[in-house]
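Residue numbers (our numbering), protein chains in the order written: chain P, 3 to 149; chain F, 459 to 598.
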C-alpha cells in the first residue's frame with residue numbers, strides 16, 4: 003500500500019536547461035512536420051526567440067530531475083508495475099530553447115481502486131522559467147499495478 | 459507574434475484535420491526513448507516487459523500524446539493552447555497505426571478571450587480508443 007502520509011509531500015525542486023538539440027531530436031521522433039520546431043530561422047520568422055518547447059515536451063524535461071527515481075523510491079514503487087493513467091498540461095507562457103525551467107513537484111493525492119489491486123499517484127508540478135514567470139502546471143496520474 | 463488567422467465562424471462540430479501514423483515499430487519506440495528521456499525499459503526491452511507480465515513491449519503513452527500535440531499545433535499556433543489533457547484508456551501496441559482526431563465541442567468566452575474546447579482522441583484501425591482527452595485553445 004502506498005503510504006498516505008506522503009499526500010502533500012513536496013519533492014526537491016530542480017532546474018533544467020532547454021537544449022535545442024533535444025528539441026530537434028524530439029521533433030524528429032514524433033514526426034512533427036512544422037519547421038519551427040527544428041529550424042531556428044523558421045522559429046524566428048514565426049515570432050519565437052528560438053525553437054519552441056512543443057506541448058508535451060515539458061513532461062520530458064520534468065524527467066530530467068537529478069533524482070528521477072525520488073518519488074518511486076519514497077513510495078516504494080517498482081518501475082515495472084507502473085502505467086501512465088492521465089496527463090494534463092495547463093499553459094501560462096511559452097518556453098523556448100535556451101530557457102532554464104524550474105520544476106516544483108508535489109504528491110497531490112494517493113488512492114486505490116479495486117480493493118488495492120490498482121493504486122494511483124497524483125503528482126502536480128509547477129513549471130517556471132529563469133525570469134520567474136509561470137510557464138505551466140502539469141498534472142500526472144500514475145497507476146501502480148499490484149498483484 | 460505572427461498568428462495563423464483563425465476563421466471567426468468556428469462552431470461546435472468542426473473537426474481538426476486528422477492524420478494517421480505509420481505502424482508503430484520497435485525502432486520508433488527506441489527513438490522516442492532517446493528523444494523523450496523516458497528510460498523505462500518496459501517500452502524497448504522485451505525481456506524486461508515479459509518479466510513485468512506484459513506479452514511484449516508497448517508504446518509510451520506520451521508518444522501518442524505528442525501526436526495529439528501535433529494535431530493541435532497543426533490547427534492553431536501553440537501559444538494559443540491553454541489546456542491539454544488526456545486519459546490513457548488502452549495500451550498502444552506495436553504494429554498499430556494510430557489515428558489522431560479532434561472535434562470542437564464548445565465555443566466560449568473566458569479571461570477576455572474567445573476559446574474553443576476540443577474533444578481529442580487517438581484510436582487504432584479497429585477504432586479502439588487509446589487516448590481520450592480535451593483541450594482548450596484561444597481563437598481570438
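Note that beta-carbon positions come from the ideal geometry of N, C-alpha and C, so glycine has one too. Since the model is a prediction, treat every value here as computed from it, not as a measurement.
According to DSSP, is residue 89 of chain P helix, strand or coil?
-> To locate residue 89 of chain P, count along the first chain from 1; it is residue 87. Residue 89 of chain P: strand per DSSP, three-state reduction.
So, are the CB atoms of residue 95 of chain P and residue 489 of chain F less than 8 Å apart? In the first chain, counting from the first residue as 1, residue 95 of chain P sits at position 93. In the second chain, counting from the first residue as 1, residue 489 of chain F sits at position 31. Cβ atoms of residue 95 of chain P and residue 489 of chain F: not closer than 8 Å.
request  = Note down, one range per segment and in chain order, each alpha helix (DSSP H) of at least 4 residues found wholly within the region 41-70 of chain P.
outcome  = 42-47, 59-64
Quick one: residues in its chain with C-beta nearer than 6 Å to the C-beta of residue 571 of chain F, no 5 flanking neighbours on either side, listed in chain order? By 1-based counting over the second chain, the position of residue 571 of chain F is 113. Same-chain partners within the cutoff: 596.
| Where the region 538-554 of chain F meets chain P: residues whose CB sits under 9 Å from a CB there | The residues in question are 539, 540, 541, 542, 543, 544, 545, 546, 549.
Which residues share a DSSP beta bridge with residue 567 of chain F? As a first step, residue 567 of chain F must be located in the second chain, where it is residue number 109. Paired residue(s): F:572.
Hey, quick one: how far does the beta strand (DSSP E) through residue 415 of chain F stretch, first residue to last? Here chain F comprises residues numbered 459 to 598, so residue 415 of chain F is not present and cannot be evaluated.
Spatial neighbours of residue 120 of chain P within its chain, please: C-beta separation below 8 Å, excluding the five flanking residues on both sides.
If you number the first chain from 1, residue 120 of chain P lands on position 118. Excluding sequence neighbours, residue 120 of chain P sits near 114, 145, 146, 147, 148.
* Asked: Does the Cβ-Cβ distance between residue 552 of chain F and residue 500 of chain F come in under 8 Å?
  -> As a first step, residue 552 of chain F is located in the second chain; it is residue number 94 there, counting from the start. As a first step, residue 500 of chain F is located in the second chain; it is residue number 42 there, counting from the start. Taking 8 Å as the Cβ cut-off, residue 552 of chain F and residue 500 of chain F do not qualify as a contacting pair.
Contact defined as beta carbons within less than 8 Å: I believe residue 521 of chain F pairs with residue 560 of chain F. What is the distance between those atoms, to the nearest angstrom?
Counting from one through the second chain, the residue named residue 521 of chain F turns up at place 63. Counting from one through the second chain, the residue named residue 560 of chain F turns up at place 102. Between residue 560 of chain F and residue 521 of chain F the Cβ distance is about 17 Å, and since that is not below 8 Å, they are no contact.
Pick helix, strand or coil for residue 135 of chain P, following the three-state DSSP scheme. As a first step, residue 135 of chain P is located in the first chain; it is residue number 133 there, counting from the start. Reduced to three states, the DSSP call for residue 135 of chain P is coil.
I need the DSSP call for residue 577 of chain F, collapsed to helix, strand or coil. On the second chain, position 119 is the one that residue 577 of chain F refers to. In this structure, residue 577 of chain F counts as strand in the three-state DSSP scheme.
When you compare only the Cα positions, how much space is there between residue 76 of chain P and residue 84 of chain P? As a working mapping, residue 76 of chain P is identified with position 74 in the first chain. As a working mapping, residue 84 of chain P is identified with position 82 in the first chain. The straight-line gap from Cα to Cα measures roughly 15 Å.
**Nonlocal neighbours in the same chain, by C-beta distance under 7 Å from residue 45 of chain P, ignoring five residues either side** = For the purposes of this step, residue 45 of chain P is taken as the residue at position 43 of the first chain. The answer, listed in chain order, is 38, 52, 53, 54.
Three CB pairs or more closer than 8 Å across the region 5-24 of chain P and the region 58-77 of chain P: yes
Can you pull the chain P neighbours of residue 506 of chain F, defined as C-beta to C-beta under 8 Å?
One-based indexing of the second chain puts residue 506 of chain F at position 48. Around residue 506 of chain F, the beta-carbon contacts reaching into chain P at under 8 Å are 82.
Straight-line gap, residue 100 of chain P to residue 21 of chain P (C-alpha atoms, nearest Å): In the first chain, residue 100 of chain P corresponds to position 98, counting from 1. In the first chain, residue 21 of chain P corresponds to position 19, counting from 1. For residue 100 of chain P and residue 21 of chain P, the distance between alpha carbons rounds to 6 Å.
Would you mind stating whether residue 57 of chain P and residue 91 of chain P have Cβ atoms separated by less than 8 Å? Position 55 of the first chain holds residue 57 of chain P. Position 89 of the first chain holds residue 91 of chain P. Their beta carbons are under 8 Å apart, which means residue 57 of chain P touches residue 91 of chain P by this criterion.
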